[in-house]
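Heads up: the sequence shown begins at 1 in the UniProt record's numbering, then just goes up one per residue.
For every residue, glycine included, the Cβ atom is placed at its ideal position computed from N, Cα and C.
Have a look at the structure below, then the notes.
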Amino acid sequence: RTRYIQTELGFHERLFVAVLTSKATLNTLAVAVNKTVAHHFPRLLYFTGLRSAKVPHGMVLVAHGDERPIWLMYETMHYIHQHFGSDYDWFYIMQDDTYAQAEQVKALVMHLSINQDVYLGRAEEFIGGDEQARYCHGGFGYLLSRSLLLKLHQHLDSCRNEILSVRPDEWLGRCIIDFLGITCTSQLQGQHYHTYELAQNAKPEKEDEEEFQVALAVHPVSDVTLMYRLHKHFSRIQLDRAYREIQDLQMQIRNLTSLTPAGEAGLTWPVGINAPFLPKSRFEVISWDYFTEQHLFSCPDGSPKCELSGASKADVSDIIESALEQLNSRYQPLLRFSKRQLLNGYRRFDPTRGMEYTLDLLLEAVTQKGHTHVLVKRVSLVRPLSKVEIIPMPYVTEATRVQLVLPLTVQDLDFVANFLDMFAMNTLDTHDNALLTLLFIYHPYDAQRVSQVDVFAGVKAMVGELEKRYAEVKIPWISVKTEVPSQVKLMDIVSKKHPVDTLFFLASVWTEINMEFLNRCRMNTISNWQVFFPVHFQEFNPALVYHGEQAASSSTDFLRDGHFDRHSFAEACFYNSDYMTARTKLAADILDQDEMLEGMEVFDVFLHYSGLHLFRAVEPGLVQKYALRSCNPRLSEELYHHCMLSNLEGLASRSHLAMALFEQEQANST
């Protein structure tokens with residue numbers, strides 16, 4: 001629970017960035033800032049006086065309702081302190097006509113001590129003043145430390161009433177100087193804040209001054225095109241610098257390798273990348289996937305051959321292009337290669353280093369004299385794992401109440417008693433914050449005879465016994481009449497009867513509820529962010545696995561005689577508000593074609609109509625005993641197919657099935 005540890009120990013995030021924009025430039029310069037540097041900063045917000053009718057996609061905008069520059073600066077500083085003052089160590093303020101080198105700014109704050117009041121930027125003299133005090137020019141951005149922001153906040157109201165200025169950056173500088181006695185500086189603790197002022201009609205590609213090359217911030221950026229040109233130029237500088245550093249590190253590794261016990265034989269390829277994974281047994285061998293330029297021979301659905309498309313096609317094209325580029329860079333000008341055909345392609349993902357490729361290329365080589373040769377060349381490539389990034393996720397608690405929803409048909413009656421026993425033992429006895437709602441699905445024929453013979457009378461009696469045993473517990477049920485129990489239609493009924501903030505766990509009658517899983521359901525389901533579809537562990541048919549003998553009870557056999565059923569989407573954890581939002585979009589899409597719902601599951605609703613993260617993962621805490629499911633032929637062909645596959649793959653492993661066939665043949669032969 002790293003987020004809680006971070007909070008309790010008083011750790012702060014490193015850098016918060018505020019961009020001052022306006023209604024006139026929000027859809028131009030602000031968008032350019034967002035596309036060029038925003039993704040490099042951990043947190044970035046845009047502040048404006050008045051907002052446009054439509055906010056550009058992917059931008060978090062705060063509108064203060066007034067375009068006056070001083071008022072905008074005052075409100076922005078107040079907002080930053082109120083909402084982020086206790087979460088970040090550094091605050092970087094810039095304008096939307098500023099190009100900032102994000103990586104350089106992040107590197108700068110990494111080298112500064114947080115135990116000092118910092119006001120760092122391009123120091124400028126006050127207009128009409130000859131004093132030594134300086135303010136930081138807003139066009140080039142400036143950096144404030146958390147300690148300075150906390151001290152400054154209590155004086156903002158006084159500054160607003162007492163200090164008169166036309167420029168917001170000068171107003172802020174005067175406020176910091178008058179009340180805190182701190183002046184702007186361009187260098188601190190051995191670190192320099194380099195800036196560069198662009199001349200009118202400047203061309204970044206032709207700027208070769210050292211001052212420009214090392215600048216953290218460039219100003220003024222007059223139009224969107226110039227912003228993108230600056231970003232391209234500085235990205236190229238950073239890329240060249242990174243390649244030079246890689247070459248230097250590789251040379252150092254080569255020099256040091258000869259001094260190691262393994263000697264030069266211990267040098268891996270590529271230099272500096274982890275060595276390939278060495279399997280300790282045949283079960284750990286990572287298999288290679290074969291492909292050509294048109295087809296993939298290891299398909300996600302298990303078929304032997306499928307068309308190469310989408311991301312896989314782009315990946316293969318990129319690898320072939322990279323191979324040709326590397327060959328030409330190595331052999332030119334003596335030889336120039338062009339591709340005729342990819343003969344064979346192999347790839348595999350090595351978790352210790354990345355994606356590995358081996359290509360057999362039919363190449364045409366042209367010499368300096370124009371002679372042409374056709375040859376076959378085998379090349380090996382590695383797409384290494386890059387820097388691991390921690391995706392920011394809202395954190396939740398384990399105190400959320402879980403509302404279990406259990407749909408029941410007549411075919412499920414034999415398994416209800418075990419479900420209720422496990423529910424009582426693992427939730428009611430332990431006082432877990434979980435409730436249960438039963439959904440009785442009546443066939444129209446059974447519904448007509450419910451007054452004479454209620455097929456669910458036995459289940460209702462069991463519920464009554466539970467309510468007597470646990471006086472504080474109420475287990476409601478809902479009765480539905482239908483021939484085709486569509487998961488979406490059933491969830492529509494349940495959703496309307498619960499508050500919008502309800503956390504649902506859609507269960508199946510074979511599910512064995514336990515506290516461990518319910519906690520993971522709470523932690524993996526985040527309102528307006530993520531839904532959780534666990535893959536339960538399905539035990540094999542004991543008649544085939546154990547041949548009628550008692551199953552082994554050793555703890556080492558846990559999750560051995562079974563498999564994770566990837567064909568089942570019956571279990572799901574999600575918030576009612578998220579379901580209602582996605583369901584509304586679905587209703588607008590299909591209009592009155594309710595028959596389409598019979599071929600959909602809740603998973604399909606979230607996948608196509610929510611925009612949320614769908615977390616699909618194996619769940620060892622969700623174990624189901626073997627049972628032959630009843631597959632309803634009235635459902636869609638795809639759902640029926642998934643149900644049949646789940647039954648077939650849940651019979652036994654290949655070795656168990658082979659043994660059963662062998663024994664049957666042996667019996668028939670005698």
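Taking Ala-652 as the centre and dropping the five residues before and after it, the same chain places the C-beta of Phe-540, Asn-541, Leu-544, Val-545, Ala-660 closer than 8 Å to its C-beta, in chain order. DSSP, reduced to helix, strand and coil, places Met-355 within a strand of the structure shown. Judged by DSSP secondary structure, Tyr-142 falls outside any alpha helix (DSSP H) and instead within the beta strand (DSSP E) spanning 142-145. In the structure shown, Asn-344 falls within a strand segment according to DSSP collapsed to helix, strand and coil. Annotation note: the region 248-331 contains the following uninterrupted beta strand (DSSP E) runs of length 3 or greater, listed N- to C-terminal: 289-291.
Looking at the backbone, the Cα of Glu-598 and that of Ser-655 are separated by about 37 Å. Just so you know, the alpha carbons of Arg-167 and Val-31 end up roughly 24 Å apart.
For Phe-662, the enclosing alpha helix (DSSP H) starts and ends at 654-669.
In the structure shown, the three-state DSSP call for Gly-190 is coil.
Going by beta carbons, Val-494 and Ile-475 fall outside the 9 Å limit.
If you draw a straight line from the Cα of Phe-91 to the Cα of Ser-298, it is about 49 Å long.
Within the same chain, Cβ atoms closer than 8 Å to the Cβ of Thr-260 are found at Gly-266, the five residues on either side in sequence being excluded. DSSP lists Ala-123 as the bridge partner or partners of Cys-136. In the DSSP secondary-structure assignment, Gly-562 is bridged to Glu-539. By the Cβ neighbour-count rule, Ser-380 is exposed, with fewer than 16 other Cβ atoms within 10 Å of its own. Unbroken beta strand (DSSP E) stretches of 3 residues or longer found wholly inside the region 60-115: 61-63, 88-95, given in chain order. Contact between Phe-517 and Glu-619 holds: their C-beta atoms lie close to 6 Å from each other, under 8 Å.
Comparing alpha carbon positions, the residue from Glu-75, Ala-38, Asp-66 closest to His-57 is Ala-38. Residue pairing of Pro-534 in beta bridges, as defined by DSSP: Ala-617. One thing to note: Ala-617 has its Cβ no nearer than 9 Å to the Cβ of Val-531. For Asn-27, the CB contacts under 7 Å within the same chain, skipping 5 residues up- and downstream, are Ser-52, Pro-56 in chain order.
Shown here, Trp-510 sits in coil according to DSSP, grouped into three states, outside any helix or strand. Just so you know, the alpha carbons of Met-580 and Leu-435 end up roughly 20 Å apart. DSSP places Tyr-609 in the helix class (H, G or I) of the three-state scheme. Note that the C-beta distance between Val-416 and Val-509 is below 9 Å. Between the alpha carbons of Asn-255 and Gly-263 lies a distance of about 10 Å.
Contact check for Leu-44 and Leu-216: beta-carbon distance about 16 Å, past the 8 Å limit, so the pair fails to qualify.
When rounded, the separation of the alpha-carbon atoms in Thr-430 and Phe-504 is 20 Å. With contact defined as three or more Cβ pairs closer than 8 Å, the region 64-80 and the region 153-169 are in contact.
In the three-state scheme derived from DSSP, where H, G and I count as helix and E and B as strand, Ser-577 is classed as helix. The criterion of a C-beta distance shorter than 9 Å is not satisfied by Val-366 and Thr-358. About 7 Å separates the beta carbons of Leu-15 and Phe-41, which is inside the 8 Å limit, making them a contact pair. Counting only residues of its own chain and dropping the five nearest sequence neighbours on each side, Leu-149 has a CB closer than 8 Å to the CB of Met-77, Ile-80, His-81, Gly-85, Phe-91. A distance below 6 Å between beta-carbons, with the five flanking residues on each side excluded, links Thr-195 to the following residues of its chain, in chain order: Arg-122, Phe-140, Ala-215, Ala-217.
By the Cβ-count criterion, Pro-499 is exposed, with fewer than 16 other Cβ atoms from all chains shown falling within 10 Å of its own Cβ.
In this structure, the straight-line span from the alpha carbon of Gln-326 to that of Pro-384 is close to 16 Å.
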